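Engineer:
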Amino acid sequence: MIVLEFKQLEDILVPGTATIRIPESPDHAFALVIRESVEVVLAGQPAGRVAAGELFYIPPLSDTAIVNAHDTPASLAWLRFAWREGSEQVCTSDDPRLLAFRLPQAQLWLEDFRRSADEPADELKRHSRLYAIAAACFEYVHTRDKGADVPDLLYYVEQTKQYILEHYASQIDIDQLARQSGGSASRFYQLFRRQTGLSPHKYITAVRLTASLRLLNSGSLSISEAAHAVGYQDEYYFSRLFKKNMGLAPSEYIVRSRRRVANLSPVFTGDLAVLGVTPVLSLERGWSRKLRESLPAITDSKPDIILTSPIPKELQDRLEEIAPVQVLYWKMLSWKERLLKISEFLELEPVAKYWLVNFDQKAEAARFHIREQLGGEPFLLIGVMPDGFRVYSKQTDQVQDLFYSGLQGQTEHPLHAYSYLEICRLEEAAALGCEHAVFLVSASTNDAACKRLEEQWRSALGGSLQAKSLFVHHGERLLYNAAIHEKVVESAVKELSYRAH
C-alpha cells in the first residue's frame, strides 16, 4: 500500500544566469518549473533539462543544484512529501535519467498546497493532488521502462484527456493547457484532434453534455443543478448549447428519456447508455427459460415500453399485456441502425445522431493509426478467445465499420463469404494469406503475452520479418453495441499511437 504525507510547498527563485543548491533533505520532492527552463544537476552530474510547465522528481538525500542559463529569473514550486515507512516506492526506476513529466492541472493545484488545511476537506484535497502527481509520475516511469519512447506532447495530450474526463465539472482553460504543453499551441490542438477526432473545445462539450444526459435522466437534479454539475454556471447558456447539439431542449429530453424501459437483451444496454437512459429493469440472457421469475419482475417494474430481441409470438403477446413491446432483430441490423431504431422508439433520434457524429470522428482517428502503421496493406482482425481465435471478416458488422472502413479499394479480405472463422491455431489464420494482424485482446493481457502472440504470428508465417502485429485491448465482452464500440475505438487510438513511437 502506498501512503504519502505532504510536508510543505516552497517557492524557489533562481536569478538569471545563476545556480542555486537545494539543501539535502530526507523528504521526497516533486518540483514544478513555472517560468523559464532549468538544468538539474544531481550529485554533481547533469541530470537533464526541464522546461516550463514540467514536473520532475527528486529522491531523498539528493545533492541537487538548479541551473538557470537564461538572463531572466526562473521560478519553481518545490513540493516536499514523505513516503511512510514500509510503503511501496512508485517513483523508482533503474533508468538513471531524470524523471520529468507533464500534468495539465499541476499549476492549477498549487493554491491547494499553499492554502492552510484547517478543515479536513482541505487536507483531503491537498493529499488527493499529491497522489495524483505521484500516479502521473508512476505512469511515466511505467511507459518509459517498457521501452516506449512516447513523445512528451503525446503523453501530455493523453493526460489532458484524462484531466477533462475527471474535472469536466470545473472551469477548464484549454488555451492555458495548450500553452503549458511544451510545444506550440497549434501542434497541441492538431495532436489532440488526431487522438480524439475532436477539437479540445468540442471534446469538453461532448463530455459535459454526455454527463448531463445521465443527470437529467436520473430525476435527482433540476436543469439548473445539472448544468452546474457539468461545469456550466449559466443554465440558459447550457440549455441553448444542449439544444444546439442534441436537437431538443433539456426539458424535452427529460420527458422523453424518463420513459420506463424494461430491457430484455443485454446487448441493448450499451445502446441505451449512450442515450443517457437507465432501464428500470435489465434481464440477462436466458430470461425466457425462467418465466416464473421473469414475468413477475417485468410486471413489477411497471414499464412504459419493453425492448427485446426476437421471441416466440405467444410470449410477445403475454408481454404486450404488460406494456408495448418493441422487437429488435439485431442480427439483421448494424449496431448503428439498431441504435437509431431504439432512439426512434424513445423519440431521442437527435441524441443518437449527435453521438454517432462524434463516434465516427473518433473511429476515423483509430483507422488513421492503422493505415499509418500498416501502410494501407491487407490485415486480419483476430480476436483472442479463451479457447482459440476468431478471425473477423469485412462482413462482420461488429468490426467492419470500426477497423475496415476507409480501407476499401486498398485491401482484399480472404474471408469473402463468412462473418468470422473460429480457429484453434494461428497457422490456420496465416494460411489465409495476410502478413499483418490486428489482435483484439482482453484488458488483462500483459506485454509479455502480447510479445508471445507476436512471435507466434511471425512463426506461423514461416518467420516473416515483414509481418506486423498490432494489439488493441478491450475491457469487456465484445458485445455488439454502441458503448463497447466507443471503448474499443478509444483504446485503439491510445495504444496504436503509443506503439508508433
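Residues in the sequence shown are numbered from 3 upward in steps of one, following the numbering used here. We treat Cβ as the ideally placed atom computed from N, Cα and C, and that holds for glycine. Quick caveat, the model's predicted, so the values are computed rather than measured.
Just curious, the alpha helix (DSSP H) that A462 is in, first and last residue?
Structural biologist: For the purposes of this step, residue 462 is taken as residue 460 along the sequence shown, with counting starting at 1. Element bounds for A462: D449 to A462.
Engineer: For K204, which option in L215, Y191 and P252 has the closest C-alpha, if you only look at C-alpha atoms?
Structural biologist: On the sequence shown, position 202 is the one that residue 204 refers to. Cα-wise, what sits closest to K204 is Y191.
Engineer: Can you tell me whether G435 is buried or exposed? The criterion is at least 16 other CB atoms within 10 Å of its CB, across all chains shown.
Structural biologist: Indexing the sequence shown from 1 puts residue 435 at position 433. Exposed, because fewer than 16 other Cβ atoms sit within 10 Å of the Cβ of G435.
Engineer: For M248, does the three-state DSSP call read helix, strand or coil?
Structural biologist: As a working note, residue 248 is residue 246 in the sequence shown. Note: M248 maps to helix in three-state DSSP.
Engineer: With DSSP as the reference, identify every bridge partner of R291, one or two as the case may be.
Structural biologist: Within the sequence shown, the letter at position 289 stands for residue 291. Looking at the DSSP assignment, R291 forms no beta bridge with any residue, so it has no partner.
Engineer: Straight-line CA distance for A208 to N219?
Structural biologist: As a position in the sequence shown, residue 208 is number 206, starting the count at 1. As a position in the sequence shown, residue 219 is number 217, starting the count at 1. If you take the alpha carbons of A208 and N219, they lie about 17 Å apart.
Engineer: Please state the DSSP three-state secondary structure of Y234.
Structural biologist: Your numbering for residue 234 matches position 232 in the sequence shown. Correct three-state label for Y234: coil.
Engineer: I'd like the span of the beta strand (DSSP E) that includes P48, first residue to last.
Structural biologist: Mapped onto the sequence shown, residue 48 falls at position 46. Q47 to V52 is the span of the beta strand (DSSP E), which, as asked, contains P48.
Engineer: Using three-state DSSP, classify D389 as helix, strand or coil.
Structural biologist: Position 387 of the sequence shown holds residue 389. In the structure shown, D389 sits in coil (DSSP, three-state: anything other than H, G, I, E or B).
Engineer: Say whether the stretch 238-246 touches the stretch 279-296, bearing in mind that this needs 3 or more beta-carbon pairs closer than 8 Å, one atom from each stretch.
Structural biologist: Result no; under three Cβ-Cβ pairs closer than 8 Å.
Engineer: With distances taken from CA atoms, which of T212, Q10, G249 and A228 is nearest A84?
Structural biologist: As a working note, residue 84 is residue 82 in the sequence shown. It is Q10 whose Cα lies nearest to the Cα of A84.
Engineer: Just to confirm, does L463 get its C-beta within under 6 Å of one of the non-hydrogen atoms of the ligand HEM?
Structural biologist: You won't find the ligand HEM in this model; it holds no ligand whatsoever.
Engineer: Looking at P305: is its Cβ nearer than 7 Å to the Cβ of A325?
Structural biologist: Within the sequence shown, residue 305 is the residue found at index 303, counting from 1. Within the sequence shown, residue 325 is the residue found at index 323, counting from 1. In contact: P305 and A325 (Cβ atoms closer than 7 Å).
Engineer: For T519 and R37, I'd like the C-alpha separation in whole angstroms.
Structural biologist: Since the displayed the chain opens at 3 and closes at 503, residue 519 lies outside it and no answer follows.
Engineer: Go ahead and label Q107 buried or exposed: buried means 16 or more other beta carbons lie within 10 angstroms of its beta carbon, across all protein chains shown.
Structural biologist: Residue numbering aside, residue 107 sits at position 105 when the sequence shown is read from its first letter. It counts as buried.
Engineer: With a CB to CB cut of under 6 Å and the five nearest residues on each side skipped, what residues in its chain are close to H471?
Structural biologist: Your numbering for residue 471 matches position 469 in the sequence shown. In the sequence as displayed, the identity of residue 471 is Ser instead of His. Result list for S471: A439, E456 and W459, in chain order.
Engineer: Kindly indicate which three-state DSSP category S226 falls into: helix, strand or coil?
Structural biologist: Here the question's residue 226 lines up with position 224 in the sequence shown. Looking at S226 - three-state DSSP - the assignment turns out to be helix.
Engineer: Should the stretch 178-187 be regarded as contacting the stretch 332-343, the criterion being three or more beta carbon pairs within less than 8 Å?
Structural biologist: The answer is no - the stretch 332-343 does not touch the stretch 178-187, with fewer than three Cβ pairs under 8 Å.
Engineer: Let me know if N571 comes out buried or exposed under the rule of 16 or more other beta-carbons within 10 Å of its beta-carbon.
Structural biologist: Within the shown structure, residues of the chain are numbered from 3 to 503, placing residue 571 beyond reach of any answer.
Engineer: Can you give the Cα-Cα distance for N360 and S201, rounded to whole angstroms?
Structural biologist: For this step, residue 360 is matched to residue 358 along the sequence shown. For this step, residue 201 is matched to residue 199 along the sequence shown. Cα to Cα, the separation comes out at about 11 Å.
Engineer: Using 10 angstroms around the beta-carbon of D273, count the other beta-carbons present and answer buried if the total reaches 16, otherwise exposed.
Structural biologist: Along the sequence shown, read from residue 1 onward, the residue named residue 273 stands at position 271. Under this definition D273 is a buried residue.
Engineer: Checking 7 Å against the spacing of the C-beta atoms, do R258 and L321 come in under that value?
Structural biologist: The sequence position of residue 258 within the sequence shown is 256, counting from 1. The sequence position of residue 321 within the sequence shown is 319, counting from 1. No, Cβ-Cβ distance for R258 and L321 is not below 7 Å.
Engineer: If we ignore side chains and look at the alpha-carbon of each, how far apart do A137 and V5 end up?
Structural biologist: What you label residue 137 is simply residue 135 of the sequence shown in a count that begins at 1. What you label residue 5 is simply residue 3 of the sequence shown in a count that begins at 1. If you take the alpha carbons of A137 and V5, they lie about 12 Å apart.
Engineer: Can you find the residues in the same chain that come closer than 7 Å, C-beta to C-beta, to L211, ignoring five residues on each side of it along the sequence?
Structural biologist: Residue 211 sits at position 209 when you count from the first residue of the sequence shown. Excluding sequence neighbours, L211 sits near F244, N247 and M248.
Engineer: What does a CB cutoff of less than 7 Å around P252 pick up in its chain, not counting 5 residues either side in sequence?
Structural biologist: The residue labelled residue 252 in the question sits at position 250 within the sequence shown. Hits under 7 Å: L218, I225, S241 and F244.
Engineer: Would you say I22 and I68 are within 7 Å of each other, going by their C-beta atoms?
Structural biologist: For the purposes of this step, residue 22 is identified with residue 20 of the sequence shown, where counting begins at 1. For the purposes of this step, residue 68 is identified with residue 66 of the sequence shown, where counting begins at 1. For I22 and I68, yes; Cβs fall inside 7 Å.
Engineer: Can you find the residues in the same chain that come closer than 7 Å, C-beta to C-beta, to L463, ignoring five residues on each side of it along the sequence?
Structural biologist: Here residue 463 corresponds to residue number 461 of the sequence shown, with the count starting at 1. Taken in chain order, the residues that qualify are A432, E437 and A469.
Engineer: Report the partner residues of W111 according to the DSSP bridge assignment.
Structural biologist: Here residue 111 refers to the residue found at position 109 of the sequence shown. BP columns for W111 are empty, so no partner.
Engineer: If I measure Cβ to Cβ from I307 and keep anything under 7 Å in the same chain, skipping five residues before and after, which residues do I get?
Structural biologist: What you label residue 307 is simply residue 305 of the sequence shown in a count that begins at 1. Excluding sequence neighbours, I307 sits near R261, V263, A325, P326, Q328 and F347.
Engineer: Helix, strand or coil, according to DSSP, for Y59 in the structure here?
Structural biologist: Working through the sequence shown from its first residue, we reach residue 59 at position 57. Reduced to three states, the DSSP call for Y59 is strand.
Engineer: Using a Cβ-Cβ cut-off of 7 Å (strictly less than) and excluding sequence neighbours within five positions of G18, which residues of its own chain qualify?
Structural biologist: On the sequence shown, residue 18 is found 16 positions in, with the first residue counted as 1. The answer, listed in chain order, is N70, H72, D73, T74 and P75.
Engineer: Among H371, I425, V491 and L132, which has the Cα closest to the Cα of A33?
Structural biologist: The residue given as residue 33 occupies position 31 in the sequence shown. Nearest C-alpha to A33: L132.
Engineer: With H, G and I counted as helix, E and B as strand and the rest as coil, what does DSSP make of V276?
Structural biologist: The residue given as residue 276 occupies position 274 in the sequence shown. Helix.
Engineer: Should C139 be labelled buried (16 or more other beta-carbon atoms within 10 Å of its own) or exposed?
Structural biologist: The residue given as residue 139 occupies position 137 in the sequence shown. Buried is the call here.
Engineer: Once you ignore the five residues that flank R82 on each side, which residues in its own chain have a CB closer than 6 Å to its CB?
Structural biologist: As a position in the sequence shown, residue 82 is number 80, starting the count at 1. Cβ neighbours of R82 beyond the five flanking positions: K9, Q10, D29 and A31.
Engineer: Do you know offhand how far F115's Cα is from D175's?
Structural biologist: Start at 1 with the first residue of the sequence shown, and residue 115 comes out as number 113. Start at 1 with the first residue of the sequence shown, and residue 175 comes out as number 173. If you take the alpha carbons of F115 and D175, they lie about 20 Å apart.
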